[in-house]
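A short write-up of the structure that comes next.
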Amino acid sequence: MSNDYDVTKETHLWFGPQHPGVTGNMSVELWLKGDTIQRGITHVGYLHRGFEKLMERRTFIQSFPIVCRICVPEPDTNEYLLAKGLEQLGGIYDDVPEKARWIRTLTLEMARLAATLMVLGGQVGSMGLGPVPQWMMTLRDYVLDSFEELSGHRIYHMYIVYGGVRRDLPEGFEGRLEKTLQTIEERLPWIDRLMFENDVFRKRAIGIGYVPPEWVDEMSLSGPIVRAMGIPRDVRKDYPYEVYPELDFDVITEEGSDMFARARVRRREIAQSINLIRQMLADMPKDGPFCLKLPSLMHWRIPKGQTYVRAEASRGEFGYFVVTDGTDKVRRVNVRGPSYVHGVSLLERMLPGTNISDLSSLMVSLQTCPPEIER
Amino acid sequence: MQSDGWMTQETVALSGLTRRLEELRGDGHVQLTLMTVTDWLEDGEFEVSYILTDPVLFRTVILGVRIPRETPELPTVSDIWPQAVTYEQEINEMFGIRFEGSPRQGVPFILEGWKDIPPMRRDFDTLKYSVEHYEDRPGRRSIDTRRFVGRVSDEKSFTDAWEPREDDGRERKLADMDGGAAGSDRGETTDE
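Right, here's the structure in full:
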């Protein structure tokens, strides 16, 4: 007779959309035997706001408050890519002032730092370890304070616009940001001790969530997932943009391709981001314009054309496919978020054989983010 | 063909699509980074774009193929790139383009119980749809701050240009909270 403990009986279970272990408003439909997942399907659609359609009805400047909402932890990548796509098509990308490029790169790196802090906390939080996520969220909040000072907003900054950035750095910003970086640096050894030297985390992360390297090209994977396989791929190095070529950094890689290796990559990228921000604060030009003078922000028309622009977000390659048709609105914008592949195709492929108690930490490890899947 | 640094753009006829994709893949463009559609309503065509990336030499190709809007059908590429299943499922739902041989065609991805024309098509009227399907919300009462401009500096000529709105007592209350003194200056718009 079969009962609920019978491992030969298949159980049908919905994981999400309202579940503390799910990364955002998405759900995974699972078929289990015992506590081992046999197969699963990712379901999205709980968060669809039709950003891409909305942009087709709005002028270019009106699209900026929309794109930043595609990613809560890291909106600046979206703003930057839309700005860059429009600038390229409008033929003004090469005219963007030098200082604006530095400030843009600074913002992008600050966003990467904030998002990585959050996801690393979530990684152990999904395993039931409380203090690290609390500290991480606090540290991220200090970065958000800097964003607030810079742009007036904590979450959605709308700071990078076409032509440059909205405002110059406030007076004394460098010193206050440096203080934040020092605070984060002081806490990192604590996090190492409580996270990477913790047996609970090690036992639940080492060897779990393995991604084979042959899937990288087959599925177009990117970001920390690839770097945790020992493959040095990073858009910042491979397709250099803004002032990244002028900065001194190496692509961080780890071996193992499991959840532990990915967490190690992220932990080392926090230190890397801090280092890069310091380099930028030291080398940044102090004077000069921060935005290009444009003829008219409200009535700018861009000739017909299409382009694909990319940048490295904390999760991997973020891309924007922008098509213009000679009017003051975009014809089509398609957002390529890394989660589109990581959260649907890759997750579904990894599910068979996974233990259900590892699912939530696996989803955090892949950094699945539903707004990118259903833009 | 148009080349821009590491990015090349080219278009191909529908009959040569599969062959060109395989050529590019053999040439090192092994990653399908993005698959997307642009609706050229005025031309009566969809342009399906395949963005392929060469991760070794860092080259990108945007390969476009134009298909008629009346018979939107394409061969699938999901046998070469497994993640194309999701792209093809979404494009099928949002644009109504059918991919021959692709699994999950017709399976809902984002929408639920959708009866209208595919919503990402240019001829889909978003305003009409929302008027028909959603009730008009009364909205919140708000105070137009421009009506209070000039209270302090007595810029009557500017502020008088603003017509008073229907009085709901709320603004009067606000004026009272301001210390009562404001009533003498801007009172005419709130008290009437």
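As you go down the protein sequences, you meet chains V and S in turn. The opening residue of the first sequence carries number 1 in my numbering; numbering runs sequentially from there. The opening residue of the second sequence carries number 1001 in my numbering; numbering runs sequentially from there. A virtual CB, placed ideally from N, CA and C, is assigned to each residue, including glycine.
### Task
Would you check if the stretch 84-98 of chain V and the stretch 356-365 of chain V touch, i.e. whether three or more CB-CB distances between them fall below 8 Å?
With a cut-off of 8 Å, the stretch 84-98 of chain V and the stretch 356-365 of chain V do not count as touching, because too few Cβ pairs lie within range.
### Task
Would you verify that the beta carbon of T1145 of chain S is, or is not, closer than 7 Å to some beta carbon of chain V?
As a first step, residue 1145 of chain S is located in the second sequence; it is residue number 145 there, counting from the start. Cβ-Cβ to chain V under 7 Å: no for T1145 of chain S.
### Query
Nearest chain V C-beta to Q1083 of chain S closer than 7 Å, yes or no?
Translated into positions along the second sequence, residue 1083 of chain S becomes position 83. Chain V contact via Cβ: present.
#### Entry: Same chain, Cβ closer than 7 Å to G122 of chain V, neighbours up to 5 away in sequence not counted
As a first step, residue 122 of chain V is located in the first sequence; it is residue number 122 there, counting from the start. Within the same chain, G122 of chain V has close Cβ partners P133 and V364.
### Assumed close pair P213 of chain V, M195 of chain V - CB separation to whole angstroms, cut-off 8 Å
Within the first sequence, the letter at position 213 stands for residue 213 of chain V. Within the first sequence, the letter at position 195 stands for residue 195 of chain V. Not confirmed; about 26 Å, so no contact.
### Message
So, with DSSP's three-state summary, where would you put C369 of chain V?
### Response
On the first sequence, residue 369 of chain V is found 369 positions in, with the first residue counted as 1. Three-state DSSP puts C369 of chain V in coil, outside helix and strand.
### Task
Determine the contact status of P352 of chain V and G24 of chain V, defining contact as a CB-CB distance below 7 Å.
Sequence index remark: in the first sequence, residue 352 of chain V carries index 352 (1-based). Sequence index remark: in the first sequence, residue 24 of chain V carries index 24 (1-based). Contact: no.
### Task
Could you pull out every unbroken alpha helix (DSSP H) segment of at least 4 residues lying fully inside the stretch 128-194 of chain V, listed in chain order?
131-151 and 173-191
### Query
At least one CB of chain S closer than 7 Å to the CB of F15 of chain V: is that the case?
Counting from one through the first sequence, the residue named residue 15 of chain V turns up at place 15. For F15 of chain V, the answer is no, since every Cβ of chain S falls outside 7 Å of its Cβ.
### Message
What residue range does the alpha helix (DSSP H) around A100 of chain V cover?
### Response
Numbered from its first residue, the first sequence carries residue 100 of chain V at position 100. Residues E98 to G125.
### Selected residue, minimal CA-CA separation from S1130 of chain S, among V:L54, V:S314 and V:T116
Taking the second sequence and counting its residues from 1, the one referred to as residue 1130 of chain S is at position 130. Answer by Cα proximity: V:L54.
### Given 8 Å, three or more beta-carbon pairs between the stretch 82-91 of chain V and the stretch 152-159 of chain V
no
### Message
Against chain V, which members of the stretch 1089-1112 of chain S pass a CB distance test of less than 8 Å?
### Response
P1108, F1109, I1110, L1111 and E1112
### Task
Give the DSSP bridge partners of G66 of chain V, in chain order.
Taking the first residue of the first sequence as position 1, residue 66 of chain V is located at position 66. For the sequence presented, residue 66 of chain V should be read as Ile rather than Gly. None; I66 of chain V has no bridge partner.
### Partner residues on chain V for S1142 of chain S, Cβ-Cβ distance less than 7 Å
On the second sequence, position 142 is the one that residue 1142 of chain S refers to. Within 7 Å Cβ-Cβ: nothing; S1142 of chain S doesn't reach chain V, min ~19 Å.
#### Entry: Three-state class that DSSP yields for A1013 of chain S in the structure shown
As a first step, residue 1013 of chain S must be located in the second sequence, where it is residue number 13. Three-state DSSP puts A1013 of chain S in coil, outside helix and strand.
### Message
If you reduce the DSSP assignment to three classes, tell me which class K33 of chain V lands in.
### Response
Translated into positions along the first sequence, residue 33 of chain V becomes position 33. Strand.
### Query
Helix, strand or coil: how does DSSP classify W215 of chain V here?
Position 215 of the first sequence, counted from the first residue, corresponds to residue 215 of chain V. The answer is helix: DSSP assigns W215 of chain V an H, G or I state.
### Message
Would G45 of chain V pass as an interface residue toward chain S - the criterion being a Cβ-Cβ separation below 7 Å?
### Response
Sequence index remark: in the first sequence, residue 45 of chain V carries index 45 (1-based). Look at G45 of chain V: its C-beta is under 7 Å from a C-beta on chain S.
### Query
Name the chain S residues whose beta carbon is nearer than 7 Å to that of M219 of chain V?
Locating residue 219 of chain V in the first sequence gives position 219, counting from the first residue. The contacting residues are P1082 and Q1083.
### The alpha helix (DSSP H) enclosing D76 of chain V, as first and last residue numbers
Locating residue 76 of chain V in the first sequence gives position 76, where the first residue counts as 1. Counting along the chain, the alpha helix (DSSP H) containing D76 of chain V begins and ends at D76 to G90.
### Chain-order list of residues whose beta-carbon lies under 6 Å from that of M1001 of chain S (same chain, five-residue window excluded)
Reading the second sequence from its first residue, position 1 is the one you call residue 1001 of chain S. Interpretation of M1001 of chain S is limited by its pLDDT of 48, a score under 50 that renders its predicted location unreliable; no figure is taken from the coordinates.
#### Entry: the stretch 167-183 of chain V / the stretch 304-316 of chain V touching (three or more Cβ pairs under 8 Å)
With a cut-off of 8 Å, the stretch 304-316 of chain V and the stretch 167-183 of chain V do not count as touching, because too few Cβ pairs lie within range.
#### Entry: Sub-7 Å separation of G1101 of chain S and T1076 of chain S beta-carbons
For the purposes of this step, residue 1101 of chain S is identified with residue 101 of the second sequence, where counting begins at 1. For the purposes of this step, residue 1076 of chain S is identified with residue 76 of the second sequence, where counting begins at 1. Contact: yes.
### Query
Which residues in chain S sit within 8 Å of V323 of chain V, going by Cβ to Cβ distance?
Mapped onto the first sequence, residue 323 of chain V falls at position 323. What V323 of chain V touches in chain S: T1038.
### Query
Taking DSSP as the reference, what is the three-state secondary structure of R49 of chain V?
Counted from its first residue, the first sequence places residue 49 of chain V at position 49. If DSSP states are grouped into helix, strand and coil, R49 of chain V belongs with coil.
### Message
Is there a C-beta anywhere in chain V that falls below 7 Å from the one on F1046 of chain S?
### Response
Mapped onto the second sequence, residue 1046 of chain S falls at position 46. Closer than 7 Å: no.
### Task
Please go through the stretch 1055-1093 of chain S and give each complete beta strand (DSSP E) segment of 3 or more residues, from N-terminal end onward.
1059-1068 and 1073-1075
### Task
Determine the direct distance from the alpha carbon of Q1031 of chain S to that of L1041 of chain S, and round the result to whole angstroms.
Locating residue 1041 of chain S in the second sequence gives position 41, counting from the first residue. Locating residue 1031 of chain S in the second sequence gives position 31, counting from the first residue. Approximately 30 Å between the Cα atoms of the pair.
### Task
Ignore the nearest five residues each way along the sequence and tell me which others in W14 of chain V's own chain have a CB closer than 7 Å to its CB.
The residue given as residue 14 of chain V occupies position 14 in the first sequence. Within the same chain, Cβ atoms closer than 7 Å to the Cβ of W14 of chain V are found at S27 and E29, the five residues on either side in sequence being excluded.
### Query
Secondary structure at G1180 of chain S, three-state DSSP: helix, strand or coil?
As a first step, residue 1180 of chain S is located in the second sequence; it is residue number 180 there, counting from the start. Low confidence applies here, because G1180 of chain S scores a pLDDT of 46, under 50, leaving its location unreliable; read the following figure in that light. Coil.
### Task
Locate the beta strand (DSSP E) running through Y239 of chain V, then write down its first and last residues.
In the first sequence, residue 239 of chain V corresponds to position 239, counting from 1. Note, Y239 of chain V: premise wrong, no beta strand (DSSP E); not H, not E.
### Task
Could you pull the start and end residues of the beta strand (DSSP E) that R332 of chain V belongs to?
Along the first sequence, one-based indexing puts residue 332 of chain V at 332. V330 to R336 is the extent of the beta strand (DSSP E) around R332 of chain V.
#### Entry: Helix, strand or coil at N275 of chain V according to DSSP, with G and I counted as helix
As a working mapping, residue 275 of chain V is identified with position 275 in the first sequence. In the structure shown, N275 of chain V sits in a helix (DSSP, three-state: H, G or I).
### Task
Report the three-state DSSP secondary structure of D1039 of chain S (helix, strand or coil).
Position 39 of the second sequence, counting from 1, holds the residue named residue 1039 of chain S. Strand at D1039 of chain S.
### Query
Between which two residues does the alpha helix (DSSP H) carrying R1098 of chain S extend?
Walking along the second sequence from the start, residue 1098 of chain S turns up at place 98. Careful: R1098 of chain S lies outside any alpha helix (DSSP H), inside the beta strand (DSSP E) at R1098 to E1100.
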